[in-house]
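If you're matching positions, the sequence shown starts at 22 in my numbering and goes up one per residue. For each residue, glycine too, the CB sits at the ideal point set by N, CA and C. Contents: one structure, followed by commentary.
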Amino acid sequence: MIDAQENGELYDQTAFSGRVRSAVSEVVRQQVDAGVDIVSDGEQSKPSFATYVKNRLSGLDGQNDIPRIFADRQEFSEWNSSQNLAPSRLAAPIRPTCNGPLGWNDRSAVDADIANLKSAVQNVQVEDAFIPSASLGIIAEIMLNEYYLTEEAYLYALADVMKEEYRAITAAGFILQLDAPDAAMGRHAQFWDKPLEDF
22 MIDAQENGEL YDQTAFSGRV RSAVSEVVRQ QVDAGVDIVS DGEQSKPSFA TYVKNRLSGL
82 DGQNDIPRIF ADRQEFSEWN SSQNLAPSRL AAPIRPTCNG PLGWNDRSAV DADIANLKSA
142 VQNVQVEDAF IPSASLGIIA EIMLNEYYLT EEAYLYALAD VMKEEYRAIT AAGFILQLDA
202 PDAAMGRHAQ FWDKPLEDF
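As structure tokens, this is what we get:
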């Protein structure tokens, strides 16, 4: 159903919501059974740890066709070809660009994530629970800015909208985990073909 949602195909929203709710309960139970005492929702409602925001925010549209190139994959290209990934893993997630003012389209998706995790942890013994959320940096790195005059303005606009998700998660009593691989991958990804001085 997530694939159908991502590809703009028809799907049953009620069935999708119910399946996500049960999947969150299942993944929380699996974490508890494995001895994990601080559990997460496993991001069951999301197609990706970062690109999910395009389904929640306005101003992100179209398709960013600029390939994401990583230095190690360039240096060790034979490794890429040796990976026997399933066809579904080979398809890159849809990466829009920021081509309009950012705002909320579907704030209820955040509330659904919170409600699903609250329900899932009611019947298990855990120390705490967290919900992952995309960092501003990874959103900006994946969904390039074509609207705001500067990258700084884009990041501030992202902060203005994403703070609602961050605050909702913490206000619900959950730990907020910011998914921020961008914090350690600037040289490796965005500046892979530039001199160190530019980085």
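C-beta atoms of residue i and residue j nearer than 8 Å
| i | j | result |
| --- | --- | --- |
| T118 | M164 | yes |
| G56 | V45 | no |
| D82 | G121 | yes |
| V60 | V142 | yes |
| V145 | R50 | yes |
| T171 | R116 | no |
| A180 | K139 | no |
| N166 | D127 | no |
| S156 | G124 | no |
| D200 | F70 | yes |
Presumed contact (8 Å Cβ cut-off) between residue i and residue j, rounded CB distance
| i | j | result |
| --- | --- | --- |
| S154 | I196 | At roughly 11 Å, the Cβ-Cβ gap does not stay under 8 Å, so S154 and I196 are not in contact. |
| S38 | A133 | 7 Å |
| V74 | I160 | 6 Å |
Residue i, DSSP secondary structure in three states
| i | result |
| --- | --- |
| G39 | helix |
| V53 | helix |
| P108 | Any answer about P108 is weak, because its pLDDT of 49 lies below 50 and its placement is not dependable; what the coordinates show is given next. Residue state, collapsed to three classes: helix. |
| S156 | coil |
| E30 | coil |
| N85 | coil |
| P202 | helix |
| S46 | helix |
Practice item. Jot down the residue ranges of each uninterrupted beta strand (DSSP E) in the segment 123–186, minimum 3 residues, whole runs only, in chain order. Key: Whole beta strand (DSSP E) segments, 3+ residues: 149–155.
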